[in-house]
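Undergrad:
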Amino acid sequence: MCFICLFILVLITTSDVASGQSSIVGVQIVGGPVTCSATGNPPGPGLVGVNGTISCDGGNTTLATFVTGALGLFSTGVLPAVQQILSSTGSCAAIVALPVANCTILPSTGILQAPLMMTTTIIQTALGRIAMFVPRVFQLVA
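Residue 145 is where the sequence shown starts when you use the numbering used here, and the numbers rise one by one after that.
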């Protein structure tokens with residue numbers, strides 16, 4: 145019986161709430177660039193105005209959209225889809241459908257897909273913590 149009480153005490157004192165940290169309430173994906181190259185990765189000029197999506201199921205469900213800005217970089221803003229992304233990090237990706245205007249080097253069919261990776265950066269806000277993700281290298285999927 146005393147062992148159970150000790151176990152519960154350890155769980156309570158090591159939780160986020162006990163340590164003064166709130167739970168993760170959102171995620172933000174920041175990255176790129178999407179470039180005009182054979183792979184969509186550097187080196188190559190950044191592509192501005194390219195539409196993309198964030199998905200954790202191969203593109204069947206869109207959790208967020210983005211448009212590349214200067215130098216081909218993008219950001220999703222803060223997403224409330226925390227559970228889907230945190231529980232499926234291995235399958236979540238930034239996706240760009242081909243063809244891409246103003247880049248004849250990239251194929252005219254398929255998608256560019258970059259798996260997402262959680263960083264060690266977590267931003268504390270008044271509403272809770274925001275976990276940061278970045279895309280890895282884009283891969284061409286025919």
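Don't be surprised by glycine CBs; every beta carbon is placed ideally from N, CA and C.
Computed from a predicted model, the values in this text were never measured in an experiment.
Heavy atom of the ligand SAH less than 6 Å from the Cβ of V192, yes or no?
TA: Here there are no bound small molecules, and the ligand SAH is not part of this structure.
Undergrad: By Cβ distance below 6 Å, which residues in the same chain neighbour I229 in space, the five residues on each side in sequence not counted?
TA: The residues are V171 and C236.
Undergrad: Does G196 come out as helix, strand or coil in the three-state DSSP assignment?
TA: strand
Undergrad: Would the beta-carbon of F282 fall within 7 Å of that of G184?
TA: yes
Undergrad: Within the continuous beta strand (DSSP E) that includes G221, where are the two ends?
TA: F218 to L223
Undergrad: Quick check on the DSSP output: the beta strand (DSSP E) that includes I255 runs from which residue to which?
TA: I255 to T269
Undergrad: Suppose you measure from the CA of Q268 to the CA of I198; what does that come to, to the nearest Å?
TA: 23 Å
Undergrad: Roughly how many whole angstroms lie between the Cα atoms of T248 and G213?
TA: C-alpha separation (whole angstroms): 19 Å.
Undergrad: Out of P177, I168 and V169, which has the shortest C-alpha to C-alpha gap to R280?
TA: P177
Undergrad: Exposed or buried, what is L271 when buried is set at 16 or more other beta-carbons lying within 10 Å of its beta-carbon?
TA: Around the CB of L271, fewer than 16 other CB atoms lie within 10 Å, so the residue is classed as exposed.
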